[in-house]
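Sequence positions in the sequence shown follow my numbering and run 1 to 158.
Ideal Cβ positions, reconstructed from N, Cα and C, are used throughout, including at glycine.
Bear in mind that the values here come from a model prediction, so they are computed numbers and not experimental data.
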Amino acid sequence: MQRTYKTGPWTGRQSQCMSTAEPRFDTKIAVLLREDLESWQRLNVTAFLVSGLGTVAPEVIGEPYEDADGVGYLPMFRQPVLVFEGTKETLVAAHARVLSRALPRAVFTSDLFATGNDHDNRAAVRAVPTAELDLVGLAVYGPRNAVDKVLKGARMHP
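Next comes the structure, spelled out in structure tokens:
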């Protein structure tokens, strides 16, 4: 697994040691993707799934960014988003577990690849009973242990 480190503010041409200590979060943001998606679909589904998380769990959003010239940028998640993959059956099982635990979640179904706007996306999901959703992606947020149990059987995305 690769690690991504965020660097501190630029302080000239001095090299600095980056801390290898990673903060431990009590919560987890995770995305589970169906393993048969094309690369562009994986990226698209992941972006859509996490886009609403900050509206229902504002504590996941950090502070706005600013560069050395004072140009401001939007805030991002305060913690990593872990991406997993699994079979269709893994997604169905994870969906049942996330519902039984009442954790904040988002779904992306195969029907959404054929729509072009939010209204049609919501209508496509609304038209299908829960047990019949053709899931291609699921996002979940909550306590680490609960999210781990929801994702049982999934593997880290390569």
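**Request:** Might you give, ordered along the chain, the residues of its own chain that have their beta carbon closer than 6 Å to the beta carbon of PRO158, omitting 5 neighbours on each side?
**Result:** none
**Prompt:** Rounded to a whole number of angstroms, what is the C-alpha to C-alpha distance between LEU53 and LEU133?
**Reply:** 21 Å
**Closest residue to ARG144 among ARG126, VAL98, THR109 (Cα-Cα distance)** = VAL98
**Message:** Given this structure, state the Cα-to-Cα distance separating THR55 from GLY142, to the nearest angstrom.
**Reply:** 14 Å
**Request:** Kindly give me the distance between the Cβ atoms of LEU37 and ALA106, rounded to whole angstroms, as I take these residues to be in contact under 8 Å.
**Result:** Rounded, the Cβ-Cβ distance is 16 Å, inconsistent with contact.
**Message:** If I measure Cβ to Cβ from GLU35 and keep anything under 7 Å in the same chain, skipping five residues before and after, which residues do I get?
**Reply:** GLU85, GLY86, THR87
**Message:** Measuring only the C-alpha atoms, how far is LEU103 from VAL31?
**Reply:** 13 Å
**Asked** Quick one: complete beta strand (DSSP E) runs, 3+ long, within the region 36-87?
**Response** 81-86
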